[in-house]
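Participant:
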Amino acid sequence: RKPEISPEELIASYQKSLKELENVEPLESIKIIDSRWGVKPKGFENVTAQRAKLSGLFPLPGYPRPVDFTKLEGSASEGILSSNDILNDASKIDPIDARSSKILVIRDIDFEKINYLKIVEFFNDYLKRIDIDQTSMHNIDSKRKTKDDKNLIIQFVNSTCATIIASLDTLKLPFNLYKEDSEPAKDSEEKIQLKIQRPKEYVVQTVSKKQDDDDFTKVIDSPTKITLMVSPDKTETEIIDQIKTINGVKSFQLLREIGTKESLGMAFVEFEVPEGTSLQKTIDLLEGLIEKVRSCSYITNSFFSCIIPNQTSIQDCAIDMDTLKLLVRNENVSAHPKLRVIQLINMVTARDLVEDSNYHFIQQDIHQEVSKFGKVVSMKIPRPANDYTPGLAQFTQPGLGKVYVELDDEESSMKAIMELAGRYYNDRVVLCSFYDEGDYLNGIF
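Our numbering puts the first residue of the sequence shown at 0, with every later residue one more than the last.
Take a look at the structure:
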């Protein structure tokens, strides 16, 4: 058995290794002839790297075939890329498109007595009344109860739908309207209260600086987005005029009903803040404004739409070549707390997990290796469906390609991350991070 290494000794060894790399030339200083790294052809701005590789339109790294950007731009202008094309689906890297941004957990309801499908139907009916581009007749991708029948997990079609429904937290619904048919009716005053939460792994990203042509009536999901519960009989102008007496308004969106255009009693606002204000100071400032807004006669409640201050993870930049190093150093992003569950990334592919024999071998192999750092309580390796299609399943199957391991204590999980990160498994470099225990137990991947 290897002798125990103290954290101080471990850090000292890493510092020594880093010292040896001081004279290595940084990537950004190396001049690459005719490099198109990070340059996307016109019309392909929303295409992710994964999907670009899968399409066959672009050569893989190191392959000599040149890219004809003119031809690619022509393909885009001719409408080859459609909204449901595999190239144009949402980016899992961008927090606003990530699966966790579309998921809500409805907690602490006895779904042995309450029909969860009726709750789901209520949410969908609420959304399809709203006159905005992001809603339709079908706003829910998936729904399921947890094994203990206490929680309901819903994935919406986009983050906007999730944010709207999250704003209904604490709403009370009549018990008799949503009970199971076999459940006896109660007094007409009996209510069930909705407790709606985001997954703990949810990350919200700050938005770029407002441009002159930005739409005043659209408020994008961000740490500074605020929900207002307003009097339905007041006009948009009346509400804006009242809140402008407190602070300048950057953008404002009143939710209206399709057809009638009547107010649904909910609005989103983003306030103006002095340029150059840090994110933390901005949030502190907004907390004060939220309190002041609650005193307005036209507003019954106000709160942050996407965050719980000092709890929700925030990413304060987009992901590109310039910011990648900052993110690796936990700059411009909330550091993840130390937890008992870890996720191992880039270890396995969907193809590796199709055959039972191969799956069980990988499962046993990883379990055996992680057990060297502590007791493994449980482990989950999401597998592709039976109708697996090479190249496509990774975009639709939650958690596919990742390995989740629950250890018995946080020290063991920390040790496992320090030892496993950077290793090779099947010629792939392993990446590691902590993962929220509640999300893991609820199967939110």
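For glycine and all other residues, C-beta sits at the position ideal for the given N, C-alpha and C.
As the structure is a prediction and not an experimental result, all values here were calculated from the model.
Please determine, among Lys185, Leu103, Leu126, Arg128, the residue with the shortest C-alpha to C-alpha distance to Leu151.
Facilitator: For the residues Lys185, Leu103, Leu126, Arg128, the minimum Cα distance to Leu151 belongs to Leu103.
Participant: Go ahead and label Gln314 buried or exposed: buried means 16 or more other beta carbons lie within 10 angstroms of its beta carbon, across all protein chains shown.
Facilitator: Gln314 should be labelled buried.
Participant: Where does Gly264 fall in DSSP's three states?
Facilitator: Here Gly264 sits in strand by DSSP.
Participant: Taking 8 angstroms as the threshold (C-beta atoms), are Glu409 and Leu323 in contact?
Facilitator: Going by C-beta atoms, Leu323 is not nearer than 8 angstroms to Glu409.
Participant: Of the choices Leu9, Ser230, Cys431, Gln204, whose alpha-carbon is the least far from that of Gly264?
Facilitator: For the residues Leu9, Ser230, Cys431, Gln204, the minimum Cα distance to Gly264 belongs to Ser230.
Participant: Could you tell me how far apart the beta carbons of Val340 and Ser412 are, in whole angstroms, since I believe they sit closer than 8 angstroms?
Facilitator: Right, the Cβ-Cβ distance comes to about 7 angstroms (below 8 angstroms), so this counts as a contact.
Participant: Excluding five sequence neighbours on each side, which residues of the same chain lie with their C-beta closer than 6 angstroms to the C-beta of Phe110?
Facilitator: Within the same chain, Phe110 has close Cβ partners Lys144, Asp148.
Participant: Classify Ile108 as helix, strand or coil using the three-state DSSP reduction.
Facilitator: Here Ile108 sits in coil by DSSP.
Participant: Leaving aside the five residues before and after Glu237 along the sequence, list all residues of the same chain whose C-beta is less than 7 angstroms from its C-beta, in chain order.
Facilitator: Tyr297, listed in sequence order.
Participant: Would you report the Cα separation of Lys127 and Ile139, rounded to the nearest angstrom?
Facilitator: Lys127 and Ile139: Cα-Cα distance of roughly 11 angstroms.
Participant: What first and last residue would you give for the alpha helix (DSSP H) that runs through Leu278?
Facilitator: From DSSP, the alpha helix (DSSP H) with Leu278 extends over 278-292.
Participant: Would you kindly work out how many angstroms separate the C-alpha atoms of Gln362 and Asp426, rounded to a whole number?
Facilitator: Rounded to whole angstroms, Gln362 to Asp426 spans 17 angstroms at the Cα level.
Participant: Go through its chain and collect everything with a Cβ distance to Thr348's Cβ below 7 angstroms, but skip five positions before and after it.
Facilitator: Only Gly400 meet the Cβ criterion.
Participant: Could you check the C-alpha separation between Ser28 and Lys18 for me, to the nearest Å?
Facilitator: Answer to the nearest angstrom: the Cα atoms are 19 angstroms apart.
Participant: CA-CA distance, Gly437 and Gln310?
Facilitator: Distance between the alpha carbons of Gly437 and Gln310 is about 15 angstroms.
Participant: Note down, in chain order, each residue of its chain lying with its Cβ closer than 7 angstroms to the Cβ of Cys160, except the 5 sequence neighbours on either side.
Facilitator: Correct list, in chain order: Leu126, Gln133, Thr134, Asn138.
Participant: Report the residue from Leu406, Val272, Arg382 whose alpha carbon sits nearest the alpha carbon of Asp351.
Facilitator: It is Arg382 whose Cα lies nearest to the Cα of Asp351.
Participant: Check whether the segment 247-264 and the segment 323-333 touch, using three or more Cβ-Cβ pairs below 8 angstroms as the test.
Facilitator: Not touching, per the Cβ criterion.
Participant: Which same chain residues, not among the five before or five after Asp130, have their C-beta less than 6 angstroms away from its C-beta?
Facilitator: Taken in chain order, the residues that qualify are Arg255, Ile257.
Participant: Within 10 Å of its beta-carbon, does Ile108 have 16 or more other beta-carbons around it, so buried, or fewer, so exposed?
Facilitator: Label assigned to Ile108: buried.
Participant: Just grab the DSSP bridge partners of Lys142 for me.
Facilitator: Paired residues: Ile153.
Participant: What are the boundary residues of the beta strand (DSSP E) that includes Phe433?
Facilitator: Here the beta strand (DSSP E) through Phe433 covers 430-434.
Participant: If the criterion is Cβ atoms closer than 8 angstroms, does the pair Lys178 and Ile113 meet it?
Facilitator: In this structure, Ile113 lies closer than 8 angstroms to Lys178 by Cβ.
Participant: Tell me the residue span of the beta strand (DSSP E) that contains Val376.
Facilitator: Taken as a continuous stretch (DSSP letters only), the beta strand (DSSP E) holding Val376 covers 375-379.
Participant: Since Leu227 contacts Leu193 with CB under 8 angstroms, what's their CB separation in whole angstroms?
Facilitator: The pair is not a contact, with the Cβ atoms about 19 angstroms apart (cut-off 8 angstroms).
Participant: When burial is assigned at 16 or more other CB atoms within 10 Å of the CB, is Ala184 buried or exposed?
Facilitator: Exposed, since its Cβ has fewer than 16 Cβ neighbours within 10 Å.
Participant: Expressed to the nearest angstrom, what Euclidean distance is found between the alpha-carbon atoms of Pro336 and Leu176?
Facilitator: Whole-angstrom Cα-Cα distance: 41 angstroms.
Participant: Beta-carbon separation of Phe302 and Ile282 under 8 angstroms?
Facilitator: No, the pair does not count as a contact, with Cβ atoms beyond the cut-off.
Participant: Counting C-beta neighbours from all protein chains within 10 Å, is the total for Pro198 16 or more, i.e. buried, or is it exposed?
Facilitator: It is buried - the Cβ of Pro198 has at least 16 other Cβ atoms within 10 Å.
Participant: Note down, in chain order, each residue of its chain lying with its Cβ closer than 8 angstroms to the Cβ of Ala415, except the 5 sequence neighbours on either side.
Facilitator: Correct list, in chain order: Ile341, Val369, Phe372, Gly373, Val404, Leu406, Cys431.
Participant: Confirm, please, whether the CB-CB distance from Ser221 to Ser158 is below 8 angstroms.
Facilitator: Result no, Cβ atoms of Ser158 and Ser221 do not sit closer than 8 angstroms.
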